[in-house]
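Here numbering that gives the first Met the number 0 is used: the first residue of the sequence shown is 0, the next is one more, and so on.
Glycine residues also receive a C-beta, built at the ideal position from the N, C-alpha and C atoms.
Keep in mind the model is a prediction, meaning the values are calculated, not measured.
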Amino acid sequence: MTGDAHGSGGDTQGSSFPHTQWTRILRVIQEGEGREAWGALVAFCEAYRPAVYAFLRRNGCSHEVADDWTQDFFATRIHARWEDREGFLFRADREKAPRFRSFLSHVLWDHLKERVRREKTVKAGGKVVWTALEGLDPGDPEAEERLRRAASEELDRQIALEVIRRAAGQTTRSHYLLEHFRGELSQAEAAGRLGISEEAFKQAYFRFRSRFPAQLRREVALLAGPRAGDVDDEIRYLMSQFSRSSSLPDRDGLRSGQ
0 MTGDAHGSGG DTQGSSFPHT QWTRILRVIQ EGEGREAWGA LVAFCEAYRP AVYAFLRRNG
60 CSHEVADDWT QDFFATRIHA RWEDREGFLF RADREKAPRF RSFLSHVLWD HLKERVRREK
120 TVKAGGKVVW TALEGLDPGD PEAEERLRRA ASEELDRQIA LEVIRRAAGQ TTRSHYLLEH
180 FRGELSQAEA AGRLGISEEA FKQAYFRFRS RFPAQLRREV ALLAGPRAGD VDDEIRYLMS
240 QFSRSSSLPD RDGLRSGQ
């Protein structure tokens with residue numbers, strides 16, 4: 000994934016469509032203004048491929064299954080152009096500030112239900128198939144709605160982790176700075192992991208805390224709706240999800256699923 004979808008707001012080279020805020024992408028798609036909008040949507044979603052992969056891993060999928068399902072999701076639901084103008088993208092009300100994470104959750108949920116049902120059909124035909132996330136098809140509308148809400152919240156947590164990692168900078172140092180920020184590592188432990196002195200880590204952490212709020216705001220501004228206060232609301236929500244997540248993924252697995 001390049002920086003196209005998360006640039007500073009200007010036009011990308013060779014394109015008249017600015018790859019910036021989610022609501023701009025939605026507007027151009029709804030107004031039918033050409034292929035560049037679809038390219039922007041794909042690039043925007045690709046930035047959160049790790050969140051989809053992490054969601055599947057958190058829900059019991061092995062690395063191989065999660066990677067396969069992530070690839071399938073992006074190939075069939077994101078990269079394939081959506082021709083149905085009655086679909087979710089075209090019905091979303093921009094004035095009510097539909098959030099990007101709501102869009103991704105909606106599309107992923109529909110995709111997973113369809114795939115689970117397809118694999119169950121194969122299984123019923125006599126083939127032995129282990130179906131990941133079998134519970135997504137409980138056959139009870141109320142149970143399904145509870146599952147959908149739980150899945151949506153779990154995906155939100157994974158998106159929050161991805162947004163915050165992007166704001167912090169996806170390096171080994173930033174990973175341990177975030178672990179200290181969350182209280183998972185002491186200053187001495189984080190410094191030891193990085194092979195630097197406590198004083199050097201203390202200075203690095205001070206710089207991190209100084210720049211992180213502005214960097215987080217820039218990242219969240221790409222996802223939030225257009226209304227005044229949307230960015231602040233989204234920051235509060237994502238930080239609450241970040242604090243509720245069990246732990247940061249191992250730094251060596253940050254790019255898994257790509």
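Local conformation of residue i per DSSP, three classes
i	result
GLN169	coil
HIS179	helix
SER151	helix
ARG114	helix
LEU221	coil
HIS78	coil
LEU25	helix
SER101	helix
ILE195	coil
GLU144	helix
ALA96	Caution applies to ALA96, whose pLDDT of 48 falls short of 50 and renders its modelled position unreliable; the value that the coordinates give is listed next. Coil.
ASP139	coil
LEU107	helix
LEU184	coil
GLU30	coil
VAL128	Note that VAL128 has pLDDT 47, beneath the 50 cutoff, so the model's placement of it is unreliable and no number is given.
Nonlocal neighbours in the same chain, by C-beta distance under 7 Å from residue i, ignoring five residues either side
i	result
ASP155	ARG100 and GLN240
ILE24	ALA36, ALA39, LEU40 and PHE43
TYR175	LEU184, ALA189, ARG192 and LEU193
Cut-off 6 Å between Cβ atoms - residues of its own chain near residue i, not counting five sequence neighbours on either side
i	result
ALA167	SER173 and LEU177
LEU222	TRP21 and PHE99
SER242	none
ARG165	GLU218
Top-ranked residue by Cα proximity to residue i, from the options
i	options	result
LYS201	PHE211, GLN214 and ALA187	ALA187
GLU218	ALA203, ALA199, MET238 and ARG206	MET238
ILE206	GLU35, GLU161 and PHE180	The residue you asked about is not Ile; residue 206 is Arg in the sequence shown. Here the closest residue by C-alpha is PHE180.
GLY182	ARG210, SER244, ARG48 and LEU103	SER244
TRP37	ARG76, ALA53 and CYS60	ARG76
TYR266	SER104, GLU144 and ARG26	Outside the modelled stretch of the chain, which goes from 0 to 257, sits residue 266, for which no answer is possible.
PHE43	ALA150, GLU113, HIS78 and GLU197	HIS78
VAL106	ARG145, ALA150 and ARG208	ALA150
First and last residue of the uninterrupted alpha helix (DSSP H) at residue i
i	result
ALA42	34-45
ILE234	229-243
PHE54	48-57
GLU63	62-72
Residues near residue i by beta carbon distance below 8 Å, same chain, minus five either side
i	result
ARG216	VAL230 and ILE234
Beta carbon of residue i nearer than 9 Å to that of residue j
i	j	result
ILE158	ALA50	yes
VAL41	LEU55	no
ALA46	GLU161	yes
ASP71	HIS110	yes
TRP108	ARG147	yes
ARG34	PHE73	no
Residue i CB to nearest heavy atom of the ligand FAD below 8 Å
i	result
ASN58	With respect to the ligand FAD, the structure offers nothing, as it holds no ligand at all.
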